[in-house]
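First residue of the sequence shown: 140, per the numbering used here; consecutive thereafter.
We put the CB at the ideal spot given by N, CA and C, even for glycine.
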Amino acid sequence: MDLGGTNFRVCSVTLKGDTTFTIAQSKVAIPRSLMVSDSKSLFSFLAKQIAIFVEEHHSDHFAEDLGHHLHLGFTFSFPVDQKAVNKGFLIRWTKGFDIPDAIGKDVCALLQAEIDLLGLPVTVAALVNDTVGTLMARSYTSPGKTGTLLGAIFGTGTNGAYVERLDRLTKMTKPGADVGEYDKSTGEMVVNTEWGSFDNAMKVLPDTPYDRALDVNSVNPGVQMFEKRVSGMFLGEILRNAVLVLKDNANMFSTATIKADSPLYTAWSLDTSVLSYIESDDTPNYLVTRETIQREMGVSGRISAEEAEAVKILVHAIGKRSARLSAVPIAAIIIATGKLGPKPDSADVEGLNLKDLSLIEQGIAAIKTAVMGQPTAAPIVDAPPPATTGASSTTVEEGDTIDVGVDGSVVEFYPGFEEHVRSALRDVPEFGAAGEKRVRMGIAKDGSGVGAALIALVAYKMANGLV
Ligand code: ADP
Ligand code: MG
């Protein structure tokens, strides 16, 4: 299951062991009221959705004993202090959630308690961050033999996880560090960066009055400052703040009527998909933009082409800024891991490679890396056509490819997002055009669900001595 921020998905995944999978899933929007409630309300809602799904897809499991429970990977995409594969304590809420009594609690235990109350044949086997799930999913599905370095999310929020050398993680070896149990045999670990909260001190991030208004009205002022300039939950609100200023100070929409219940007057009510519609508008006189303003901003009557153009300019600036900022942590991680060196073996880490689960020996060695983080030389298998987002054709040799898995509605649907990321990468001196070409970005479609399944599989095998 996948609690991302906007939607809640329950899915079951069949991994075919050859980079492909099938998936059955259900999706519901998380009711706003539950985002600011108590943990019991939220987790009992989640358990009920699991019950509905299990009844529909796995009713045969109801008769089974504990040993045959369904093993659940729980993708929970908020900052947690993870102590074991199925144990993690919530550090803070982000993305508009505010449920104070859950902070400091083990979110797997909260979920398991509600699952047990419903008598479901489900065991929470693994706690997964969506970035790690995306990294896993991409390292299973990506074409060719290259391992995947980074999994990144641009959805409701933004964050990334990458493969790092253990000896560089000073946090793990600090005297007195309380980091729980972990395997050191591979010398590597997957790091969840929580980059959404980079530069909370605002030393380098761009800042506007519209960003500041958003932050003040958020449930978590002063934190997640990078995320608040990049991800889906926030871009509509930045636009709303800017349009309101134009209305008040520059007579925007003065010949039109703004309805009293217009979304312009309600915080957080403009979805980022609105920006996508407007960004994609190439009609004469901004017809689509005008229609979108009427429909989504509750503005009726005469909207001039000039006003529509002004809104479109704002949208473009907000979207382009988001995408160019998104390139920053991607570039930083690629540089820091030595990936831009001349040969792939000059890099500090190779990346994760989970392509073939069917050959038991290598498959298990490979999935073990899902938790431990050691690259393996998995055999090359026939892969489906490259799942790239298609912005840039590449003649880069397989060995020079730097593979990045991405997921989230903003990177998937915002027009031109990847091309803006790529343009910003080219502007980073260490990259230039040659370095940018080496980056292969692929949408890890359903990455959170597939990654959770991969990790639940590993956790199950480890718990049962099969690895
Ligand atoms: P989650 O973060 O819950 O996993 P998504 O990846 O679907 O879910 O991201 C949801 C976010 O994406 C929301 O903030 C929403 O505003 C935004 N979004 C949805 N559709 C689009 C679109 N067509 N273009 C840009 N952003 C979108
Ligand atoms: Mg998601």
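The residue from 234, 190, 238 with its alpha-carbon nearest to that of residue 260 is 190. Residue 599 and residue 265 have their C-alpha atoms roughly 9 angstroms apart.
For residue 266, the shortest separation between its Cβ and any heavy atom of the ligand ADP does not lie below 8 angstroms. When secondary structure is reduced to three states using DSSP, residue 144 falls in the coil class, being assigned neither helix nor strand. Per DSSP, reduced to three states, the secondary structure at residue 199 is helical. Given a length threshold of 3 residues, each whole run of the beta strand (DSSP E) inside the region 541-574 is given here in chain order: 541-546. If you look at residue 366, you'll find it in the alpha helix (DSSP H) that goes 366-369.
Applying a distance threshold of 5 angstroms between residue Cβ atoms and the heavy atoms of the ligand ADP selects 143, 144, 145, 146, 294, 295, 371, 372, 410, 411, 412, 415, 547, 548, 549, 552, 553, given in chain order.
Distances from the CB of residue 587 to the heavy atoms of the ligand MG include at least one below 8 angstroms. In the DSSP assignment, residue 391 falls outside any beta strand (DSSP E), carrying neither H nor E. A distance of 9 angstroms or more separates the beta carbons of residue 382 and residue 427.
Assignment of beta-bridge partners to residue 247 by DSSP yields no partner. In the DSSP assignment, the residues bridged to residue 328 are 303. A residue is called buried when at least 16 other Cβ atoms come within 10 angstroms of its Cβ; residue 594 meets this threshold and is buried. Here the distance from the Cβ of residue 216 to the nearest heavy atom of the ligand MG is below 8 angstroms. Looking from the CA of residue 445, the closest CA among 343, 571, 250, 425 belongs to 425. If the five residues before and after residue 460 are omitted, its C-beta is found closer than 8 angstroms to the C-beta atoms of 345, 368, all from its own chain and listed in chain order.
Runs of the alpha helix (DSSP H) spanning 4 or more residues and lying entirely within the region 146-202 occur at 171-174, 178-196, in chain order. In the displayed model, residue 576 falls within a helix according to three-state DSSP. Residue pairing by DSSP puts residue 395 in a beta bridge opposite 440. Fewer than three pairs of CB atoms, one per stretch, sit closer than 8 angstroms, so the region 572-580 makes no contact with the region 296-308. For residue 219, the enclosing beta strand (DSSP E) covers residues 219-223.
The Cβ atoms of residue 215 and residue 175 do not sit closer than 9 angstroms to each other. When DSSP states are grouped into helix, strand and coil, residue 469 belongs to the helix group.
Straight across, the Cα-Cα distance linking residue 468 with residue 332 is about 9 angstroms. Here DSSP, grouped into helix, strand and coil, assigns residue 210 to strand. Residue state for residue 298 is assigned as strand, using DSSP reduced to three classes.
Looking at the DSSP output, residue 491 bridges to 287. At least 9 angstroms separates the beta-carbon of residue 490 from that of residue 283. In terms of side-chain proximity, the C-beta atom of residue 442 is found no nearer than 8 angstroms to any non-hydrogen atom of the ligand MG. Exclusion of the five residues before and after residue 222 leaves 319 as the residues of its chain whose Cβ lies within less than 6 angstroms of its Cβ. Beta-bridge annotation (DSSP): residue 262 is paired with 210.
With a threshold of 8 angstroms, the Cβ atom of residue 292 counts as near the ligand MG, since some heavy atom of the ligand is closer than that.
Looking at the DSSP output, residue 215 sits in a beta bridge with 142. DSSP places residue 227 in the uninterrupted beta strand (DSSP E) bounded by 226-229.
Sorting 326, 270, 310, 308 by C-alpha distance to the C-alpha of residue 299 places 270 at the top.
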